[in-house]
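Have a look at the structure below, then the notes.
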Amino acid sequence: MTAPIVSPKALNFIAVSPGLLLILALFVLPLGVMALRSVTDPQFGFGNYETLLTSSTYLRVAWRTIWISFIATGLCAIVGTPVAYSLAHSDRKLLNGFTLAVLVLSFLTSSLIRTFAWMVIFGAQGPLARVLGILGAPGYTLLATPTAVLVGMVHFLLPIYILTAFSGLRKVPHHLLGAAEGLGASHWFALRTVYLPLALPAIVNGASVVFIIGVGFFITPALLGGPRQTMLAQLIARSVTQFGDFGFASAGGMVLLLITIGCLWAIRSLAMPKTGRTT
Amino acid sequence: MDQDQVGAAISIKGICKRFEDKEVLRGIDLEIPNGAYATLLGPSGSGKTTLLRIIAGFGAPDKGSVSISGVDVTMRRARERELGMVFQNYALFPHLTARENIEYPLRVRKLSKTARKSLADEYLERVQLTNWANSYPHTLSGGQQQRVALARGLVCRPKVLLLDEPLGALDKHLRNDMQEFLRQLQHDVGITFIHVTHDQSEALALSTTVVVLRDGRLEQVGSPEELYLHPRTSFVAGFMGDSNLVSALVIDRSDQSLGVALSNGTECLLPNSNAKWPDSSHDVRLVLRPGDAEFGDGTSAHHVVVSGTIQKTTFMGTHYEVVLVTELGALTAHCRTNHIPGGHATAAWPLDKIAVVPA
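Which chain is which? The protein sequence lines are D and H, in order.
Under our numbering, think of the first position of the first sequence as 1, with each following residue one higher.
Under our numbering, think of the first position of the second sequence as 280, with each following residue one higher.
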């Protein structure tokens, strides 16, 4: 018997190498360059980080980025989980098809156009201002308020949350709710003690995805928010486009990345069940 | 004895249920006595699971009523019926340990932590899982999961425990062990069990009362012996154990005996023990159990004797299963010794072991 020319292990490696190279070239390499640049541009050292972390403006913006994303994620979870639940477990095909169609269609409209639409709705001459005017609060606009930013963010993030959570919730054994009720539990008690713990991984997954996207939001706060709603991504963009300071922007990017990783770790270690499995 | 102890645990009157255009239950009247181990037995589609679900409160009947211990619960929701339930495939909560699963019905009823613990300890011991109290369901074997489900169903001392094909997912060997365990457990706790199964040997081994369902109707209700020895229909005769059904005509009926003529011209007098036997010139079927056959030769006044050619024999361990082609058709009989296929043999069935059912 002749030995194979290439060992199975090596074959595996060859098979995954195109994918690995792609990840390396498109993600690891740029990230490495960015990390390097944040400590070498304009000169070697942690000067960029020092400026960033000692500036009260930047810290305030970083903190705002976290809590606005957090609230937007929370709103998505509160509004989206029941929708995802119904999609995952209801057998009303027509309703499910309609809901899915609406969700997928919303991806076909660019986020820029959707944000402009909100600008029109919230604007000083918009329908909302007119209704408020009739009700006796003339000249009021939601533009440049946290509410406008949150509405814009949730509008964009909600379909993403619902579809992510839905794919996880489908695998939750829904018949256990019936079992719990057979053992004497009310529907609400069964939902809380049986369904929710089993659904938590799906909910946390959806929330994580939405949070990561939310932290990096740029267009929505720029167009719907005012100076007091500036988020970290905007500051990073500004330091590149207005000041050409790539080193500082890289440091900002690294901080944003670390914030995201830190928050995700916190969410997951707090919310993910430590034992048991869903099937 | 007070009324509660002798009364019916479950009383069902005129239950009908239809799913879209299919009538699943067509007027079920049934009483299950307190302390019974009842099985609802029938082939798939007979309505047994639907009936159990209606008793449990998962789906209202279209007509009829359900009473538990004399209280009409037809309009009550599942959780208000004080029943225990063991679900098909157990339906254990995967995120809870064996102990937490067993404590769940107690948590629902807002028992204190110490009361929950002591009851859970008691039932963990009853199902011999004390050492697995803190294991999660997916780390337990099928039989152990089954026992957690049983403890969870029993822990709040329900009036009735409902079991939906509880042994269906277990292999044959384990199923036999669990049957023994279930019987003992039911005896110890003294709670009425209602157990759905399609397996007649399971029903025979477990129950004090067997309820045979067919096409949404009650076929026969009785003890395993009654159903086996005195089936009232050919369906029950065929379903409860193996049987040969042989056509015959009633030629004479008295209080003590029933005279029948077989298709090969043989006439015999069966000792009458069933007042419901039909009158003369009715077509009936005789139930010849393979295990009752006696091999030999000659004739006897106390036997139905048939001769024929041996078609095939199968070794079954304790006996050989012999298929005999006779004037009455192909008959299966059990024999202690082997026969050579193609040979001639005579089998005889004692008259007092032959049941008669309507054709």
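Glycine is no exception: its CB is placed at the ideal position from the N, C-alpha and C atoms.
Everything numeric in this text was worked out from a predicted model, so none of it was measured.
Output the distance between the C-alpha atoms of Ile213/D and Thr220/D, rounded to the nearest integer angstrom. 12 Å
Anything in chain D within Cβ reach of Ala357/H, meaning under 7 Å, just list it in chain order. Glu181, Gly182
So, is Asp531/H buried or exposed, given that buried needs 16 or more other C-beta atoms within 10 angstroms? exposed
Using the beta-carbon of each residue, which ones in chain H are nearer than 7 Å to Val194/D? Phe372
Which residues in the same chain as Val6/D place their Cβ atom closer than 8 Å to its Cβ, once the five residues preceding and following it in sequence are excluded? Ile14
So what's Ala612/H in DSSP terms, helix, strand or just coil? strand
DSSP bridge partner residues for Ile307/H (one or two, in chain order): Ile294/H
List, in chain order, every chain H residue whose beta-carbon is nearer than 7 Å to that of His175/D. Ala370
Where Thr476/H falls: helix, strand or coil (DSSP): strand
Against Pro197/D, what residues of chain H qualify as contacts under a CB-to-CB distance less than 8 Å, listed in chain order? His374
Could you give the first and the last residue of the continuous alpha helix (DSSP H) run that contains Gly621/H? Looking at the DSSP string, Gly621/H is not in any alpha helix (DSSP H), and its letter there is neither H nor E.
In chain order, what residues of the same chain have a beta carbon less than 6 Å from the beta carbon of Gly216/D, not counting five sequence neighbours either side? Ala233
To be precise: take each residue of the region 377-390 of chain H, compare its Cβ to all Cβ atoms of chain D, and keep it if any distance is under 7 Å. Which residues remain? Tyr383, Pro384, Val387, Arg388
Can the beta-carbon of Thr476/H be found less than 7 Å from the beta-carbon of Ala315/H? no
With respect to 6 Å, is the separation between the Cβ of Val489/H and the closest non-hydrogen atom of the ligand COA below this value? Of the ligands one can find in the structure shown there are none, so the ligand COA has no counterpart to examine.
Return no unless some Cβ of chain H is closer than 7 Å to the Cβ of Ala101/D. no
Between which two residues does the alpha helix (DSSP H) containing Gly587/H stretch? Unbroken run through Gly587/H is the beta strand (DSSP E), 582-594; no alpha helix (DSSP H).
When the cut-off is 7 Å and only beta carbons count, does Gly366/H lie next to chain D? Before going on, a small fix: residue 366/H reads as Phe here, not Gly. Chain D contact via Cβ: present.
Nearest-angstrom Cα separation, counted from Val434/H out to Arg388/H: 11 Å
Expected contact under 8 Å - CB spacing of Leu541/H and Leu549/H to nearest Å: Incorrect: roughly 11 Å between the Cβ atoms, too far for contact.
Do Lys292/H and Glu361/H have their CB atoms nearer than 7 Å? no
Among the residues of its own chain, which have a CB less than 7 Å from the CB of Arg297/H, if the five just before and after it don't count? Val303, Asp341
For Gly178/D, go through chain A and note every residue whose CB falls closer than 7 Å to its CB, in chain order. The structure shown contains no chain A; its protein chains are D and H.
Which residues in chain H sit within 7 Å of Ser186/D, going by Cβ to Cβ distance? Arg358
Beta-carbon separation (whole angstroms), Thr592/H vs Glu600/H, contact threshold 8 Å: 7 Å
Between which two residues does the beta strand (DSSP E) containing Asn543/H stretch? Careful: Asn543/H lies outside any beta strand (DSSP E) and carries neither H nor E.
When the Cα atoms are used, what is the spatial distance from Ile381/H to Val427/H? 7 Å
Using a Cβ-Cβ cut-off of less than 9 Å, give me the residues of the region 392-408 of chain H that come near chain D, in sequence order. none
Residue span of the beta strand (DSSP E) that contains Ile5/D, given as start and end: Taken as a continuous stretch (DSSP letters only), Ile5/D belongs to no beta strand (DSSP E), as it is neither H nor E.
At a CB-CB cut-off below 9 Å, which residues of chain D make contact with Ser426/H? Inspection of the sequence shows that residue 426/H is occupied by Arg rather than by Ser. Going along chain D, no residue has its Cβ under 9 Å from Arg426/H, so there is no contact; the nearest lies around 16 Å.
Partners in chain D for Arg431/H, counting only beta-carbon separations shorter than 8 Å: Leu183
Buried or exposed by the 16-neighbour rule on C-beta atoms within 10 Å, applied to Leu101/D: The question names Leu, yet the displayed sequence has Ala at residue 101/D. Exposed: under 16 other Cβ atoms inside 10 Å.
Output the boundary residues of the beta strand (DSSP E) element that contains Met364/H. 362-365
What's the gap between the Cα of Ala572/H and the Cα of Leu191/D? 59 Å
Local Cβ density within 10 Å of Arg275/H, reported as buried at 16 or more and exposed below that: Any property of residue 275/H remains undetermined from this structure, which presents chain H solely from 280 to 638.
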